[in-house]
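Colleague:
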Amino acid sequence: MSTRLLRGLQSTSCGHVVILGFSLMTLLPAATAAQAGSWRALTSMQPINALAFAEGGVYAATAGGVLQYDPVAESYQPFTRADGMEANLVLSVCPDSSGNLWFGTDGDGLRQLRLADAQFVPTQDALRDLRINSILSLEDRLFVGTDVGVSVYLTANSRVKETYRQLGQFQKNTEVRAMVVYAGNLFVATRDGVAHATLASTNLQDPDSWTSSRLMGDSSSLIVHNDTLYCGGAFAVWRFDESQSRWRSIAFFGKVDGLSSFGQPRRLVASADGDLHERHGAGSWGELDVPHAVQSLAPSGEDLWYGTPTGLATLGRTDPPAFADAPSNELFDIEAGENGELWVASTASDREGDPVGVFRYDGDSWEVYGRDGGLPSDFAVGIARDESEHLWVTTWGRGVAILDDGAWRAFDQRNSALRGITQPSVPDFVVVSDIQPDAQGHMWMTNVQAGLVVMDSFPTTRSFLHDLDALGLPAATHLSRVAIGPDGTKWVATATEGFVFFDDGSEPFAAGATSAVVNPTTESRLRSANVTAIAVSTANVLWVGTDNGLYRLTWSYNTGTGRLSFPTWREYRLEDGLNSNFITSITFDDQGNVWVGTRAGLTWLRTTGTLVTTFTTQNSGLIHNRVASVTYGESDGSLWIGTFGGLGQLQVGLSRVESAQSNGPLVYPNPLVVDGSGSSRLTFARLPLDSEVTLFSLDGNLVRFLEAERGATVIAWDGTDRDGKTVGPGIYLYIAATRDGRTLRGKFAVVRAR
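In case it helps, the numbering used here puts the sequence shown at residues 69 to 822.
Structure below.
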C-alpha cells in the first residue's frame, strides 16, 4: 500500500490488513547484554486470538503474548512479559497510521508497540482490569471494545477520554466484541446484538444517541465488504440494508466466529465452528477446504491468514513452519536434569491443569509424552529421577510410571505396594501426588488415602506401604507432598491434617517407623491444617507452606519421650513481605537462597530466614503472578518457575560450564570511552543473582566497589572511583564474587574520548 493510500485510510480495526512503512528488522529486539542472565519467559502462543500486519510481518495476539512472523525468513519472534510486553493473555491487535501496534489484553490493559524502534511504550495502565476484545483506530484516538462497553483512548496524551457503557436499549456494561466505522457511524457488535451511533453526535455517553438491534443475538464480528456492512451473529451472517436501516440475514451457519474480506476481486468469508465458508453470490455459499480449525481471520493482499488453536496458517500459500513454543501455559511440577533438560507435569491434580501427560524441554524444543506414547495416564502430577537417572512420573489415578529406554513401565496396586482410594472405595484408582528420592536411592511417594510408599530405584524389586495408621493419620487422609531431610527424615504434607514427622530408622521396607503429627490442634502456631508445600534445607531447617502462611522451623525429636519440638518457629505473612499467604512451592538454590512460590508472586528469602523481596509481574520479569512450582537447576544455575501463564526462568547462579571454565560476566562496551560528561556507562551483565563486583587498577589499588540492585543480575559503572572522580585511561581489573564464594576475574580498558 502506498503512503498516499495509507494516509487516506481513516480508521483501522482489528482484523483488517494495514501495511506500515517500517522494516521488519527494526522489530527484532536488540541483542544487548543487559538482557542476558536475567528473566526469560517460555509461553504457549496457542491459540491465536487475533492477527494484524506491518510491512513484511504478521503479528498475532495469543494466549502467551505477541508472536511476530516474518514470511520471507520463515522465522518467529515472540514478545512476552519478559520482553517488555507486560502482558501475556493478548486478545486483540490493531495498527494505527502513526507506526504503532496496539494490543488489547485480558486484565492487563492496553499496550503499545512502537514499530520504529521495537519499543513497548507505557500507556499509563489504561483500561487495566478490563477484557479488551477489539480496538479501532480513528485519527488521533482509539475506540476500545471491552467487557463493559466502548472506551475512547486519546493516543497523544495517553488517557481515556470517556466510556460508553449503555448502548441504546442494551443492558448497561454490555460486552463489546467488534467495531467498525461505516457511513459516518460507529457500529458495535455485542453479546446482545449490534448498536450504532453517528460519530457526529456530541454525547455518545447518552444511551439515546445509540440505535440498538437484538436481531443478530450474540455477535462476534463486523466488516465492510464492497461498500456493504456485514455482521457475524449468533446463528447467521447478516447484511445491513442502509436504504431501510435494517439488518437482513443472508446465510445460516450457526454461531459465526469471524468475517473477513480479501483478494481481487474481493472475497467474503465467514468462519463458524472452525470451518470456513465463502460467499459466491446472493444466497450462495461454499465451504472452503482448510486443514485447521479457524479461530481468527486477517487478509493480506491475495492471501487470507488465519489463526488456529495450534498456530498460524494461510489460505493461498504454504503454511508457515510450526513455532516451537511451550505446549501449555499452565505448568506444574518441574524436574531439572543433569544435562539441562526439563520435565514438566501438565496437572497438579484432577482439578488443576490440562491433562496431557508430561512435557520435555531440551533448551530448544518441546515434546509431549502422554497416553498415546504409553504413559498410563495423562493426569501426570509429580516428577523425579532416581539414582540411575530414570524418570519417574506419578499420576492421578494410575499409579506411577518409569521411563526406561524409551518405554514406560507402570506400577500400581497389581504389582507394587501402591493402593487405590478408599472413600469412595475404588481399588484400581491409584493416586500418587508426589515423589522424592532419598540419599540411598529409594523413591518415596505420597499415595493419597493410603499412606507413604517406598520403592527401590529401577529396576524395582521391593516396595512397602507405610499406611495411614503408621503415620498417625485418620482414614482417607489426602497426602499431598513429601520432603526428605539430609538426615533421612521424611516430612509428609496433608491437605487436612497438617504435616507429619516420619523416621523409618534406616529400615525403609519394614514396619515400626516413628511418626508425629503436627496440626493446629497439637501446635497452635500453625494456622492451617492444609499444608500445600514442604521442603528441608541442607542445614536440616524445615520450611512449611500452607494456604494461610509460610513457616521456617528448626526442630528436634526426643527418642526417649517421643516428643517433637520446634526450638525456633518463624512465620511469614502479608505483613512480612509475602504477596499471598497461599504457598504453592518451596525450593533452594546453591547460592544460599530460598524460593517460595505463591498465588500472587515469587518470594526470595535467605536460608537464615531474611525475606529479601517478592517478585511480581509489576516489579520484575516474572511471567505470571500465580506460581505453581519452583525448581532450581544446578546444571545451568537457573530458577525455573512454573506458572499459570507460562514457564519463567531467572538466572540465579552460574552454570557448571561457566563455573568450570571461569567465564566472566559479559562486560560492555569494552573499551569504555569516557568524555567527562558523566554519561559513560560500563555494564557487567550475566552476573549470578546478588553478586558484588570490585574494580582495581592494574597495580592492585582499589578503584570502586559495586553491588547489584536487589534482584538484579546486571551492574552498571559510571567510570568514577570511590571519590566520585572520573578514572584515567588504562587497563583495569574486576573481580565478581558470588554469595557462595566463587569468584570470576577479568579485564577491561578505559579510553578518553578525542
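Don't be surprised by glycine CBs; every beta carbon is placed ideally from N, CA and C.
These numbers come from a predicted model, not from an experiment.
Could you tell me whether the Cβ atoms of residue 221 and residue 178 are closer together than 8 Å?
Modeller: Walking along the sequence shown from the start, residue 221 turns up at place 153. Walking along the sequence shown from the start, residue 178 turns up at place 110. A contact, by the Cβ cut-off of 8 Å.
Colleague: Sort out for me which residues DSSP pairs residue 547 with in a bridge.
Modeller: What you label residue 547 is simply residue 479 of the sequence shown in a count that begins at 1. 562.
Colleague: Given a cut-off of 8 Å, decide if residue 469 and residue 477 are closer than it, judged by their beta-carbon atoms.
Modeller: As a working mapping, residue 477 is identified with position 409 in the sequence shown. As a working mapping, residue 469 is identified with position 401 in the sequence shown. Their beta carbons are under 8 Å apart, which means residue 477 touches residue 469 by this criterion.
Colleague: In three-state terms, what does DSSP make of residue 492?
Modeller: Reading the sequence shown from its first residue, position 424 is the one you call residue 492. Of the three classes helix, strand and coil, the one that applies to residue 492 here is coil, per DSSP.
Colleague: Does DSSP put residue 502 in a helix, a strand or coil?
Modeller: Position 434 of the sequence shown, counted from the start, is the residue given in the question as residue 502. Strand.
Colleague: Sort out for me which residues DSSP pairs residue 674 with in a bridge.
Modeller: Position 606 of the sequence shown, counted from the first residue, corresponds to residue 674. Answer is 661, bridged to residue 674.
Colleague: To the nearest angstrom, how far is the alpha carbon of residue 589 from that of residue 626?
Modeller: Counted from its first residue, the sequence shown places residue 589 at position 521. Counted from its first residue, the sequence shown places residue 626 at position 558. Roughly 20 Å between the two C-alpha positions.
Colleague: Let's test the definition: count the other Cβ atoms within 10 Å of the Cβ of residue 773 and tell me whether it reaches 16, buried, or not, exposed.
Modeller: Position 705 of the sequence shown holds residue 773. So residue 773 ends up on the exposed side.
Colleague: Keeping to the same chain, check which residues put their C-beta closer than 6 Å to that of residue 561; ignore five residues upstream and five downstream.
Modeller: Walking along the sequence shown from the start, residue 561 turns up at place 493. So the qualifying residues of the chain are 548, 549, 567, 599, 602.
Colleague: Closest by CA to residue 168, which one among 123, 193, 146?
Modeller: Working through the sequence shown from its first residue, we reach residue 168 at position 100. Of the listed residues, the one whose Cα sits closest to residue 168 is 123.
Colleague: Given residue 431, which residues of its chain have a CB within under 8 Å of its CB, disregarding the five upstream and five downstream residues?
Modeller: Working through the sequence shown from its first residue, we reach residue 431 at position 363. Same-chain partners within the cutoff: 408, 409.
Colleague: Contact check, residue 716 vs residue 690 under 8 Å by CB: the rounded distance?
Modeller: Along the sequence shown, read from residue 1 onward, the residue named residue 716 stands at position 648. Along the sequence shown, read from residue 1 onward, the residue named residue 690 stands at position 622. Indeed, because the Cβ distance is near 6 Å, the residues count as touching under 8 Å.
Colleague: In the DSSP output, what is residue 304 paired with across the bridge?
Modeller: Residue 304 sits at position 236 when you count from the first residue of the sequence shown. Residue 304 pairs with nothing; no bridge assigned.
Colleague: Pick helix, strand or coil for residue 820, following the three-state DSSP scheme.
Modeller: The count along the sequence shown starts at 1 and reaches residue 820 at position 752. Residue 820 falls in the strand class under three-state DSSP.
Colleague: Does the beta-carbon of residue 453 have 16 or more other beta-carbons within 10 angstroms, so that it is buried, or is it exposed?
Modeller: Walking along the sequence shown from the start, residue 453 turns up at place 385. Buried, since its Cβ has 16 or more Cβ neighbours within 10 Å.
Colleague: Please report the distance separating the alpha-carbon of residue 131 from that of residue 339.
Modeller: By 1-based counting over the sequence shown, the position of residue 131 is 63. By 1-based counting over the sequence shown, the position of residue 339 is 271. In a straight line, the C-alpha of residue 131 is about 20 Å away from that of residue 339.
Colleague: Do you know whose CA, among 322, 292, 784, lies nearest residue 309's CA?
Modeller: Position 241 of the sequence shown, counted from the first residue, corresponds to residue 309. Out of 322, 292, 784, 292 has the C-alpha closest to the C-alpha of residue 309.
Colleague: Mind checking residue 820: buried by the 16 CB within 10 Å criterion, or exposed?
Modeller: Position 752 of the sequence shown, counted from the first residue, corresponds to residue 820. That one is exposed.
Colleague: So for residue 243, helix, strand or coil by DSSP?
Modeller: Translated into positions along the sequence shown, residue 243 becomes position 175. It is coil, neither helix nor strand.
Colleague: Could you check how far apart the C-beta atoms of residue 241 and residue 261 are, in whole angstroms? I think they sit under 8 Å.
Modeller: Taking the sequence shown and counting its residues from 1, one reaches residue 241 at position 173. Taking the sequence shown and counting its residues from 1, one reaches residue 261 at position 193. Not a contact, Cβ separation roughly 15 Å.
Colleague: Within 10 angstroms of the Cβ of residue 456, are there 16 or more other Cβ atoms? Answer buried if so, exposed if not.
Modeller: For this step, residue 456 is matched to residue 388 along the sequence shown. Exposed: under 16 other Cβ atoms inside 10 Å.
Colleague: Look up residue 584 in the DSSP assignment and say whether it is helix, strand or coil.
Modeller: What you label residue 584 is simply residue 516 of the sequence shown in a count that begins at 1. If DSSP states are grouped into helix, strand and coil, residue 584 belongs with the strands.
Colleague: With burial defined as no fewer than 16 other Cβ atoms inside 10 Å of the residue's Cβ, what is the status of residue 294: buried or exposed?
Modeller: As a first step, residue 294 is located in the sequence shown; it is residue number 226 there, counting from the start. Classification of residue 294: exposed, given that the 10 Å Cβ count is below 16.
Colleague: If you pair each beta-carbon of the region 190-197 with each one of the region 222-229, do three or more pairs fall below 8 Å?
Modeller: Touching, yes.
Colleague: Indicate whether residue 126 and residue 115 have their beta-carbon atoms separated by less than 8 Å.
Modeller: On the sequence shown, position 58 is the one that residue 126 refers to. On the sequence shown, position 47 is the one that residue 115 refers to. No.
Colleague: What residue does the alpha helix (DSSP H) around residue 343 start on, and which one ends it?
Modeller: If you number the sequence shown from 1, residue 343 lands on position 275. Taken as a continuous stretch (DSSP letters only), residue 343 belongs to no alpha helix (DSSP H), being part of the beta strand (DSSP E) at 343-349.
Colleague: Taking only runs of the beta strand (DSSP E) that begin and end inside the region 145-221, which ones reach a length of at least 3 residues, in chain order?
Modeller: You should have 158-163, 168-173, 178-182, 187-189, 200-206, 209-214.
Colleague: Mind checking residue 108: buried by the 16 CB within 10 Å criterion, or exposed?
Modeller: Sequence index remark: in the sequence shown, residue 108 carries index 40 (1-based). So residue 108 ends up on the buried side.
Colleague: Would the C-beta of residue 541 count as close to the ligand FAD, meaning under 7 Å from any of its heavy atoms?
Modeller: With respect to small molecules bound, the structure shown includes none, and the ligand FAD cannot be examined in it.
Colleague: Comparing C-alpha positions only, which one of 536, 529, 511, 525 sits nearest to residue 490?
Modeller: Your numbering for residue 490 matches position 422 in the sequence shown. Residue 536 is the option with its Cα nearest to residue 490.
Colleague: Tell me residue 117's beta-bridge partners as DSSP assigns them.
Modeller: Looking up residue 117 in the sequence shown gives position 49. According to DSSP, which records beta bridges pairwise, residue 117 is partnered with nothing at all.
Colleague: Give every residue of the same chain whose Cβ lies closer than 8 Å to the Cβ of residue 239, excluding the five residues on either side of it in the sequence, and list them in chain order.
Modeller: Taking the first residue of the sequence shown as 1, we reach residue 239 at position 171. Cβ within range, chain order: 260.
Colleague: Taking just the CA atoms, how far does residue 516 sit from residue 662?
Modeller: In the sequence shown, residue 662 corresponds to position 594, counting from 1. In the sequence shown, residue 516 corresponds to position 448, counting from 1. Whole-angstrom Cα-Cα distance: 28 Å.
Colleague: Residue 341 and residue 354: beta carbons closer than 8 Å?
Modeller: Residue numbering aside, residue 341 sits at position 273 when the sequence shown is read from its first letter. Residue numbering aside, residue 354 sits at position 286 when the sequence shown is read from its first letter. Against a cut-off of 8 Å, the Cβ pair of residue 354 and residue 341 comes out as no contact.
Colleague: Taking C-beta to C-beta, are residue 326 and residue 256 nearer than 8 Å?
Modeller: The count along the sequence shown starts at 1 and reaches residue 326 at position 258. The count along the sequence shown starts at 1 and reaches residue 256 at position 188. No, these two residues do not count as a Cβ contact at 8 Å.
Colleague: Give the C-beta separation of residue 609 and residue 675 to the nearest angstrom, bearing in mind that I take them to be a contact with Cβ-Cβ under 8 Å.
Modeller: If you number the sequence shown from 1, residue 609 lands on position 541. If you number the sequence shown from 1, residue 675 lands on position 607. Yes, they are in contact, since the Cβ atoms of residue 609 and residue 675 sit about 7 Å apart, within 8 Å.
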